[in-house]
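Have a look at the structure below before the remarks.
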Amino acid sequence: MTINVASIKKDFPIFGRLIRGDNRLVYLDSAATSQKPNSVLDAERDFYTLHNAAAHRGAHQLAEEATELYEGARERVAQFLGATSEEVVFTKSATESINLVA
35 MTINVASIKK DFPIFGRLIR GDNRLVYLDS AATSQKPNSV LDAERDFYTL HNAAAHRGAH
95 QLAEEATELY EGARERVAQF LGATSEEVVF TKSATESINL VA
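Going by my numbering, the sequence shown runs without a break in its numbering and finishes at 136.
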């Protein structure tokens, strides 16, 4: 399988930036944060503008929508990884993930 890196980079708006003159951006601090493709930015924008509420934390409609979206994301990640949704655990950071399995 051939990976077209140029095609993938086009989906990450930040990599179109030039920094410190005419240098293309290279980002190697992914342990601190990761750059996001347009599809993620669009999904986040949709969530925060139309469904913003705490998942699994309320009985009102927005909380129910947030929970459905959260669990739907877990299902999609599980399918992508070839796992079950019960095996997918979301954490807030690399440190939290490492501590969870340590």
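Don't be surprised by glycine CBs; every beta carbon is placed ideally from N, CA and C.
Ranked by Cα distance from Asp45, the options Val39, Arg51, Phe114 and Pro71 are led by Pro71.
The alpha-carbon of Ser68 is positioned some 11 Å away from that of Val74. Judged by beta-carbon spacing, Ala128 lies within the 8 Å limit of Ala65, meaning their Cβ atoms are closer than that value. The beta carbon of Ile53 lies closer than 6 Å to those of Leu59 in the same chain, with the five residues before and after it left out. A Cβ-Cβ distance of about 6 Å is found for the pair Thr125 and Leu134, placing them in contact under the 8 Å criterion.
Listed in chain order, the non-local C-beta contacts of Ala100 below 6 Å within the same chain comprise His85, Ala87 and Ala89, local neighbours out to five positions each way being set aside. Under the three-state reduction of DSSP, Ile37 is assigned to coil, being neither helix nor strand.
When DSSP reads this structure, Arg110 sits in no beta bridge, so it has no partner. In the three-state DSSP reduction, Asn133 falls in the helix class (H, G or I). For the stretch 63-88, the continuous alpha helix (DSSP H) assignments of 4+ residues that do not extend past its boundaries occur at 72-80, in sequence order.
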